[in-house]
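First residue of the sequence shown: -10, per our numbering; consecutive thereafter.
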Amino acid sequence: MTGRGGASQAAFADITAPFDLVLFDAYGVLNVGETAIPGAAASVRALRAAGKSVAVVSNSAAYPKSHMMARYHKLGFDFAESEVVTSRDALLQRIAAEPELRWGLMLNPNVALGELATLDAIVLTDDPAAYDEVDGFLLIGADGWTERRQTLLEAALARAPRPVFVGNPDLVAPRENGLSLEPGWFAHRLADRMDIAPTFLGKPFPEVFDLAMTRLAAPVAADRVLMVGDTLHTDILGGRQAGFATALVTAHGSLAGLNVDDAIDASGITPDFIVPHI
């Protein structure tokens, strides 16, 4: 069956044969919050059994890689660390090429810094002075971020514009109890209200896809790659821009319960395939 815009509606198992590498978004495809989506781990194992390479390309930046690996294993997935590529990885790669600055972090202060501990950085909370003492801002995780903290950030940037890097371009993420606001939402609010142009690292931007491709054991041509995600403006747009085929998952993520054809028409972003789940 073909939906409006030309995307083929199919079962996931029926579309993977032409591809050597399958890249998965996490939230809405593999899991919703801390709950595995039924059948997802089995689908990944079936791809491996068929000789396919698999990897996760995620905009989840708020937690250290060790935390993410423990989560995937707890949920029943067998990914190796090299198969999990995140926007945090892309952010750290970019920051390493920047001048050494003192950074203010949008991040839950109760979360371990992990790889971020190598930076000269402080986690931003409710102290206005902290926003003025840093040289730039890294928007990494919005868990615990408040309207007061967003107001402090906007006021600090109005007084003294500084670089803003966004380690998670997502606007929202699917959780067990609904959608959470993510760093991308707050970054776009900055851009809309102020003369600020944040730098985004993560899907749909190329750096995270480039990282995923460089970690492969053997090169794979772009036209032999399938990007699978639940979000048109990150997973599908980013995959298309990278030259990959794309599959939009609709049952569990950002489009669950919505009219998918209308969303495709409104965005102008058309996947190659539409599948309910993997």
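Glycine is no exception: its CB is placed at the ideal position from the N, C-alpha and C atoms.
In this text the structure is predicted, and so the values were computed from the model without any measurement.
Within 7 Å, strictly: CB atoms of residue i and residue j
i: T235; j: P260; result: yes
i: G130; j: A51; result: yes
i: L226; j: I263; result: no
i: G125; j: L90; result: yes
i: Y120; j: L102; result: no
i: K41; j: V11; result: yes
i: G17; j: S76; result: no
i: L128; j: M95; result: yes
i: L113; j: G93; result: yes
i: V217; j: F13; result: yes
i: A173; j: P195; result: The amino acid occupying residue 173 in the given sequence is Gly; Ala does not appear at that position. Result no, Cβ atoms of G173 and P195 do not sit closer than 7 Å.
i: R229; j: D9; result: no
i: Q139; j: F198; result: no
Cβ shell of residue i (< 8 Å), same chain only, five flanking positions each side left out
i: R(-7); result: Note that R(-7) scores a pLDDT of 46, beneath 50, so its modelled location is shaky; the value from the coordinates is reported in the next line. Hits under 8 Å: D250, I253 and D254.
i: T24; result: L64 and E165
Proximal residues to residue i (C-beta, below 6 Å), its chain only, five neighbours per side dropped
i: L275; result: No answer is possible for residue 275: it lies beyond the span of the chain, which begins at -10 and ends at 267.
Cβ shell of residue i (< 7 Å), same chain only, five flanking positions each side left out
i: L244; result: D219 and A252
i: S256; result: L221 and H222
i: A186; result: A180
i: G242; result: Y16, G17, V18, P163, D219 and T220
Sheet register partners of residue i (DSSP bridge)
i: T235; result: M216
i: N20; result: Y16 and A25
i: V43; result: V11
CB contact check: residue i to chain D, cutoff 7 Å
i: E104; result: Of the chains in the structure shown, none is chain D; there is only one protein chain.
At 3 residues or longer, and completely inside the stretch 158 to 201: list those beta strand (DSSP E) runs for me, N to C.
161 to 164 and 167 to 170
Ignoring anything shorter than 3 residues, give me the beta strand (DSSP E) runs that lie fully in the stretch 85 to 126, in order along the chain.
92 to 95 and 110 to 112
Taking one C-beta from the stretch 198 to 208 and one from the stretch 168 to 188 each time, how about it: are there three or more such pairs within less than 8 Å?
no
So, does the stretch 69 to 88 touch the stretch 180 to 197, judging by three or more C-beta pairs under 8 Å?
yes
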